Amino acid sequence: MPSMSLRERILSVYRGETPDTVPYMLDLSHWFYHRHALPWDLSHAYEEPEFELIDYHRKMGVGFYLPNLASFVDVAYGENVRASVKKSEDGREITWEYETPLGSIRRTRRWNEQTYAWGIAEWGAATEHDLRVLAYALGSRTYTPRWERYRSWKEYVGESGVVYAVFAYSGMGHVMNAWMGIENTVYAAADWPEALAEVIERINENNLRCIDLLAESPADVVLVGDNFSSDIQSPGFFETWSKKYYEAVVRRLHAGGKFVAVHIDGRLNGLLDTFSGLGVDCADAVTPGAVGGLTPEQCREAAGPGLILSGGVPPHLWLPDTPLEDFKSAVRRWLDLKQHGPRLIANAGDQVPPHACEDRISVMRELVDEYGRY
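Per this note's numbering, the very first residue in the sequence shown carries number 249; after that it's consecutive.
Written out as structure tokens, the structure is:
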């Protein structure tokens with residue numbers, strides 16, 4: 249009997265079936281951009297597939313799934329909102345600005361060569377009024393599907409993976425991660441709870457219009473999330489501010505025949521069972537050990553038998569100062585979870601980091617081939 253393709257393995261896990269081998273897929277984008285000194289431009293979305301990145305996944309026998317900078321939906325703003333994205337002359341800063349009848353807000357990110365990433369240089373919202381400006385702008389968004397872009401990615405990836413459609417950030421995610429920051433958002437929740445609730449509700453109502461489009465898209469899997477970590481959004485905090493929204497997201501996407509993955513790249517305590525209880529299909533970027541705070545076995549216990557665990561290898565284990573045997577041990581321990589059922593994907597805990605040892609990509613594939621067979 250011929251072996252299954254990477255695409256077939258991934259989709260079989262989502263369908264509740266048992267593949268011939270645990271699927272192996274990685275988000276290699278950050279590592280790949282750094283390795284080849286490629287630009288990583290947040291000022292615009294990629295309309296065409298990242299051919300070189302996909303080719304590299306295929307060459308290494310690694311499933312492709314995450315089109316990080318792609319956009320399969322065009323976003324426009326209301327006639328009273330001017331949205332702009334500007335780069336500095338040296339290209340090292342990007343500023344996003346919304347101008348509305350209520351006022352203006354702007355935020356800036358600055359390039360950090362050492363981390364090969366865009367760090368926060370200036371948050372955009374500091375007052376209750378700023379939040380209302382944000383809600384006015386984001387609440388005015390309209391969406392136009394561009395499924396031809398998705399089909400181009402899907403066609404080029406072919407049997408080498410499953411292209412997720414990504415929709416990031418709930419209302420709380422926008423406030424906390426993009427515009428206000430963690431500390432100021434926590435203060436806002438205490439000082440202006442009614443105003444913050446109104447802002448988040450307005451953003452979420454608008455988000456759901458795009459979710460309804462994605463429910464009709466050609467994608468099999470939709471990835472959502474706020475870069476969840478339970479030390480930032482505890483289960484109680486999540487229940488207060490975002491649970492109702494994510495219940496609606498899961499319900500609407502499932503009604504459209506889509507599978508739902510949630511990006512949980514931090515502390516795991518209390519979140520795996522929370523999202524399992526909402527009917528989410530997959531926890532993406534699961535990082536056991538010091539980062540996530542749970543062992544692989546505890547991850548499975550917390551998630552229950554039905555939630556797909558996609559992740560397994562923390563970022564530091566990919567780096568050259570970590571012994572190879574430690575890396576191998578972590579991969580084998582993650583693969584041991586297959587004894588509890590097929591709801592398992594071998595992946596990195598979030599992304600493979602810059603400076604990772606390239607040979608460990610192949611080492612992990614070989615370990616999956618040897619220890620991941622059902």
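All C-beta atoms in this analysis are idealised placements derived from N, C-alpha and C, irrespective of residue type, glycine included. Model, not experiment: these values are computed from the prediction.
Cβ shell of residue i (< 7 Å), same chain only, five flanking positions each side left out
i: Gly504; result: Ala463, Glu464
i: Asn425; result: Tyr417, Asp474, Asn475
i: Tyr304; result: Leu276, Phe280
i: Gly589; result: Pro553
i: Ser332; result: Glu345
i: Asp460; result: Arg500
i: Ala198; result: The requested residue 198 is not part of the displayed model; the chain covers only 249 to 622.
i: His284; result: none
Straight-line gap, residue i to residue j (C-alpha atoms, nearest Å)
i: Gly597; j: Asp513; result: 7 Å
i: Lys307; j: Ile609; result: 11 Å
i: Phe523; j: Leu567; result: 31 Å
i: Ile430; j: Ser477; result: 12 Å
i: Glu446; j: His502; result: 27 Å
i: Gly406; j: Arg255; result: 8 Å
i: Ala369; j: Thr356; result: 5 Å
i: Arg500; j: Ala413; result: 15 Å
i: Ala193; j: Asn517; result: Since the displayed the chain opens at 249 and closes at 622, residue 193 lies outside it and no answer follows.
i: His282; j: Pro601; result: 9 Å
i: Arg340; j: Glu606; result: 28 Å
i: Thr570; j: Leu350; result: 52 Å
i: Glu573; j: Ser408; result: 28 Å
i: Val423; j: Val534; result: 24 Å
i: Cys565; j: Asn432; result: Strictly speaking, residue 565 in this sequence is Leu, with Cys absent from that position. Going by the C-alpha atoms only, they are around 33 Å apart.
i: Val381; j: Ala578; result: 46 Å
i: Asn360; j: Ser251; result: 43 Å
i: Thr488; j: Ser319; result: 30 Å
i: Val616; j: Leu520; result: 24 Å
i: Glu337; j: Tyr294; result: 21 Å
i: Tyr619; j: Gly559; result: 16 Å
i: Tyr313; j: Glu449; result: 30 Å
i: Gln599; j: Asn316; result: 11 Å
i: Phe485; j: Leu444; result: 13 Å
beta-carbon residue i near the ligand GTP non-hydrogen atom, thresh 7 Å
i: Gly409; result: In terms of ligand content, the structure shown is empty, and the ligand GTP therefore cannot be addressed.
Residues near residue i in its chain [Cβ-Cβ closer than 6 Å; skip 5 each side]
i: Tyr493; result: Ser418, Asn452
i: Lys402; result: Val411
i: Gly537; result: Pro562
i: Arg621; result: Thr269
i: Asp378; result: Ile353
i: Ile342; result: Leu290, Ser291, Lys335, Arg357
i: Tyr384; result: Thr348, Leu350
i: Arg581; result: Pro544
Where residue i falls: helix, strand or coil (DSSP)
i: Asp378; result: helix
i: Leu301; result: helix
i: Asn432; result: helix
i: Val310; result: coil
i: Val643; result: Here the chain has residues from 249 to 622 only, and residue 643 is not among them.
i: Arg263; result: coil
i: Arg397; result: helix
i: Met612; result: helix
i: Arg581; result: helix
i: Leu567; result: coil
i: Arg625; result: A query on residue 625 cannot be resolved here, the shown segment of the chain reaching from 249 to 622 and no further.
i: Ala331; result: strand
i: Phe320; result: coil
i: Leu286; result: coil
i: Gly406; result: helix
i: Tyr417; result: coil
i: Trp561; result: The sequence given here places Val at residue 561; Trp does not occur at that position. If DSSP states are grouped into helix, strand and coil, Val561 belongs with the strands.
i: Arg389; result: coil
i: Tyr384; result: helix
i: Ala596; result: strand
i: Tyr619; result: helix
i: Tyr325; result: coil
Contacting residues, own chain, Cβ-Cβ under 8 Å from residue i (five flanking each side not counted)
i: Asp468; result: Leu259, Tyr262, Val410, Lys506, Phe507
i: Val510; result: Leu471, Val472, Gly473, Phe476, Tyr494, Phe523, Val528, Cys530, Ala531, Asp532
i: Trp395; result: Phe320, Ser465, Pro466
Contact with chain C by residue i, beta-carbon distance below 8 Å
i: Pro563; result: Absent here is chain C; the protein component of the structure consists of one chain.
Would you check if there are 3 or more beta carbon pairs closer than 8 Å linking the stretch 276 to 290 to the stretch 360 to 373?
yes
Pairs of beta-carbons, one from the stretch 265 to 273 and one from the stretch 581 to 599, closer than 8 Å: are there three or more?
yes
- Any contact of the stretch 293 to 311 with the stretch 437 to 451, i.e. 3+ C-beta pairs under 8 Å? no
Given 8 Å as the limit, is there contact between the stretch 368 to 383 and the stretch 612 to 620, that is, 3 or more CB pairs closer than that?
no
ask   = Unbroken alpha helix (DSSP H) runs of length 4 or more, entirely within the stretch 449 to 537: which are they?
value = 483 to 489, 491 to 503, 519 to 525
For the structure I just gave you, are there three or more beta carbon pairs, one from the stretch 318 to 335 and one from the stretch 540 to 556, closer than 8 Å? no
Open item on the list: Could you tell me which whole beta strand (DSSP E) segments of length 3 or greater appear in the stretch 334 to 377?
Closed with: 341 to 348, 351 to 360, 365 to 370
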